[in-house]
Amino acid sequence: MVFMELMNTQIIELTKDRTWENSLLKAGQIIQQGGLVAFPTETVYGLGGDALNPESAKRIYAAKGRPSDNPLIVHIHHLDNLTWIARDIPEAAWQLAKAFWPGPLTMVLPRGDRVPLETTGGLDTVAVRMPSDPVALAFIQQAGGFVAAPSANLSGRPSPTSFRYVLEDMEGKIEMILAGEDSKIGLESTIIDLTSIPYLVLRPGSITIDQLQRIVGRVEMDPSLLQEENYAPPKAPGMRYRHYAPRGELTIIEGERKAVGEWIKRETLLAAKTGKKTGIICTIEGLPFYRLAKDEGYIADSVKCLGEYGQAGEIASNLYRALRELDEEGIEVIYAEVLSYGGKEEAVMNRLLKAAGNRLIKI
Ligand code: TXA
Ligand code: MG
């Protein structure tokens with residue numbers, strides 16, 4: 012355990028701060044002096060440090076409690092900066108950048124010499140993303156153009172989609188939080204590895220494999236993501252670790268709608284009888300199964316309805332908040348419906364399965 016002295020974390024509420032340009036200037040200076048600043052992006056909040064400074068990378072790992080072999084994504088604000096940090100950039104990268112940047116796509120490319128191995132977890136590749144959130148872009152510019160940033164959560168917790176969750180996990184450990192709006196997308200970026208042939212999606216996100224294929228032709232899912240159990244190690248080191256896990260035991264139930272509703276209802280009532288605090292994660296379509304008679308509330312202590320079945324965008328933007336709230340409420344047993352059709356290739360179910368430690372019952 013590394014001893015870490017607690018510091019005063021400054022919170023800049025951008026919606027209330029009329030001098031936010033000055034605040035961004037200050038945030039940029041903190042980064043350039045080796046400090047850490049959390050900032051909003053359209054996917055999730057990031058925990059930023061200078062990507063070209065090995066000491067900053069070490070501080071990021073310490074603040075998150077994250078293993079230092081798990082590489083960081085380098086965030087840029089201008090396409091010209093890509094050649095500064097990556098080498099042998101294939102034509103496909105420029106095509107993808109044109110189609111999806113700024114936005115929720117991360118590309119893995121051969122690492123340029125300027126990027127220290129501490130930032131890339133010892134790898135000779137570098138992951139790069141240009142986010143679309145205007146605050147993020149302005150901040151990266153002020154910070155010198157290269158901000159290494161993992162999601163701003165403690166390792167093992169859901170990524171933060173609101174600055175309140177950043178504060179919960181990072182207060183006292185970083186110099187500043189740029190508190191903007193809630194993240195619109197709510198799940199981390201799609202990662203595509205352009206250093207292998209065929210190109211591989213290492214982490215599904217809101218940009219789908221179909222969209223990528225339309226721009227660059229053949230793209231496949233990292234095979235380790237599609238297995239029932241993760242036997243082969245995934246290529247993105249971060250996908251190896253247990254992630255996003257709520258403290259309660261989460262199980263996903265798959266099957267015909269009515270059967271699933273009835274199963275969850277029965278098992279929830281059984282768990283409640285044994286004195287457990289119960290939770291349900293469901294869609295609007297499933298909700299009626301969990302209502303008590305005569306509008307008296309629900310059969311579980313907490314019911315999180317994330318949106319309409321298959322509306323992946325809406326469900327994605329609610330998922331991590333729901334997982335954090337279930338923890339706050341002390342829920343011990345959680346049953347979740349299948350929320351969307353895409354299975355493991357799709358971001359929502361990929362993250363839900365990870366949160367459940369792949370515990371899925373087919374009925
Ligand atoms: O949306 C996002 O990508 C957010 C925001 C803040 O930009 N960032 C994010 O970072 O999710 P993080 O560190 O939580 O996840 C980065 C993932 C990890 O699974 C890591 O292993 C993988 O990217 N990764 C980073 N560099 C890599 C590389 N060179 N090769 C393969 N995987 C890499
Ligand atoms: Mg993360």
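For the sequence shown, the positions run 12 to 374 when my numbering is used.
The beta carbon of each residue, even a glycine, is placed where N, CA and C say it ideally should be.
Cβ distance (whole Å) where residue i is taken to contact residue j below 8 Å
{"i": "ARG362", "j": "LEU198", "result": "6 Å"}
{"i": "ARG335", "j": "PRO169", "result": "6 Å"}
{"i": "MET187", "j": "GLN21", "result": "5 Å"}
{"i": "ALA381", "j": "TYR210", "result": "Only positions 12 to 374 of the chain appear in the structure, and residue 381 is not among them; the question remains open."}
{"i": "GLY39", "j": "GLN153", "result": "3 Å"}
{"i": "GLY183", "j": "PRO51", "result": "About 20 Å separates the two Cβ atoms, so there is no contact after all."}
{"i": "ALA378", "j": "VAL85", "result": "Because the chain in this structure spans residues 12 to 374, residue 378 falls outside the shown range and cannot be described."}
{"i": "ALA160", "j": "GLY57", "result": "3 Å"}
{"i": "GLY156", "j": "ASN92", "result": "5 Å"}
Top-ranked residue by Cα proximity to residue i, from the options
{"i": "ASN64", "options": "SER34, ALA149, MET141, VAL158", "result": "VAL158"}
{"i": "MET232", "options": "GLY354, TYR72, LYS195, ILE326", "result": "GLY354"}
{"i": "LEU83", "options": "LYS315, ALA282, GLY60", "result": "GLY60"}
{"i": "LEU364", "options": "PRO171, GLU16, PRO215", "result": "PRO215"}
{"i": "SER328", "options": "VAL212, SER194, PRO145, VAL85", "result": "SER194"}
{"i": "ARG3", "options": "ALA38, TYR309, GLY259, LEU330", "result": "Beyond the ends of the chain as shown, which are 12 and 374, falls residue 3; an answer cannot be given."}
{"i": "ILE218", "options": "ALA108, ILE345, TYR72, PHE150", "result": "ALA108"}
{"i": "GLU343", "options": "LEU17, ASN81, GLY183, ARG258", "result": "ARG258"}
{"i": "ILE345", "options": "VAL359, GLU357, ILE326, ARG370", "result": "ARG370"}
{"i": "ALA104", "options": "GLY286, ASP338, ILE226", "result": "ILE226"}
{"i": "GLY228", "options": "LEU205, PRO234, LEU236, PRO248", "result": "LEU205"}
{"i": "LYS315", "options": "PRO299, PRO78, ALA154", "result": "PRO299"}
{"i": "THR294", "options": "THR285, GLU319, GLU307, LYS287", "result": "GLU319"}
{"i": "GLY114", "options": "THR26, LYS27, ALA163, SER200", "result": "SER200"}
{"i": "ASP338", "options": "LYS305, HIS86, ILE292", "result": "ILE292"}
{"i": "ASP135", "options": "PRO145, ASP124, ASP144, SER143", "result": "ASP124"}
{"i": "ALA110", "options": "LYS288, ALA190, GLN224", "result": "GLN224"}
{"i": "GLY76", "options": "MET118, THR279, ASP180", "result": "ASP180"}
{"i": "HIS88", "options": "LYS184, SER143, GLU340, ALA270", "result": "SER143"}
{"i": "LYS37", "options": "LEU189, PHE174, ALA247, TYR72", "result": "LEU189"}
{"i": "ILE202", "options": "ILE196, MET118, LEU165, ILE151", "result": "MET118"}
{"i": "LEU17", "options": "PRO78, GLY272, ALA73", "result": "ALA73"}
{"i": "ASP312", "options": "LEU330, GLU340, ARG332", "result": "GLU340"}
{"i": "PHE273", "options": "LYS287, GLY297, LEU90, LEU213", "result": "It should be pointed out that residue 273 corresponds to Glu in this sequence rather than to Phe. When each option's Cα is compared against that of GLU273, the closest is GLY297."}
{"i": "GLU260", "options": "ARG332, PRO234, LYS287", "result": "LYS287"}
{"i": "LEU177", "options": "GLY368, GLU356, GLU24, LEU317", "result": "According to the sequence shown, residue 177 is Val rather than Leu. Per the Cα distances, GLU24."}
{"i": "ARG70", "options": "LEU330, ALA163, VAL271", "result": "ALA163"}
{"i": "PRO234", "options": "ASN19, LEU213, GLY368", "result": "LEU213"}
{"i": "ARG332", "options": "PRO101, ARG175, VAL146, ILE372", "result": "ARG175"}
{"i": "ILE151", "options": "ILE185, LEU35, GLU66, ILE208", "result": "LEU35"}
{"i": "ALA270", "options": "GLY368, ILE372, SER166", "result": "ILE372"}
{"i": "ASP374", "options": "LEU330, PRO101, ILE275, GLY290", "result": "Just to set this straight, residue 374 is Ile in the shown sequence, not Asp. Among LEU330, PRO101, ILE275, GLY290, the Cα nearest to that of ILE374 is on ILE275."}
Residues sharing a beta bridge with residue i, DSSP
{"i": "TYR210", "result": "VAL230"}
{"i": "THR289", "result": "VAL344"}
{"i": "PRO169", "result": "DSSP output for PRO169 lists no bridge partner at all."}
{"i": "PHE50", "result": "GLY57"}
{"i": "LYS69", "result": "BP columns for LYS69 are empty, so no partner."}
{"i": "LYS315", "result": "ILE292"}
{"i": "ILE220", "result": "According to DSSP, ILE220 bridges with nothing at all."}
{"i": "GLU260", "result": "VAL344"}
{"i": "GLN21", "result": "MET187"}
{"i": "LYS27", "result": "Beta-bridge pairing links LYS27 to no other residue."}
{"i": "PRO121", "result": "THR136"}
{"i": "SER34", "result": "Per DSSP, none; premise fails for SER34."}
{"i": "VAL85", "result": "VAL139, ALA159"}
{"i": "LEU281", "result": "Answer is none; LEU281 lacks a bridge partner."}
{"i": "ARG332", "result": "Answer is none; ARG332 lacks a bridge partner."}
{"i": "ASP204", "result": "VAL119, LEU211"}
{"i": "ARG302", "result": "TYR309"}
Check: Taking one C-beta from the region 127-143 and one from the region 96-104 each time, how about it: are there three or more such pairs within less than 8 Å?
Finding: Flag = yes, the region 127-143 and the region 96-104 touch.
Check: Does the count of Cβ pairs from the region 128-136 and the region 24-32 closer than 8 Å reach three?
Finding: With a cut-off of 8 Å on Cβ pairs, the region 128-136 is not in contact with the region 24-32, counting fewer than three such pairs.
Note to self: Would the region 344-351 count as touching the region 256-272 if we require 3 or more Cβ pairs under 8 Å?
What the structure shows: Three or more pairs of CB atoms, one per stretch, sit closer than 8 Å, so the region 344-351 contacts the region 256-272.
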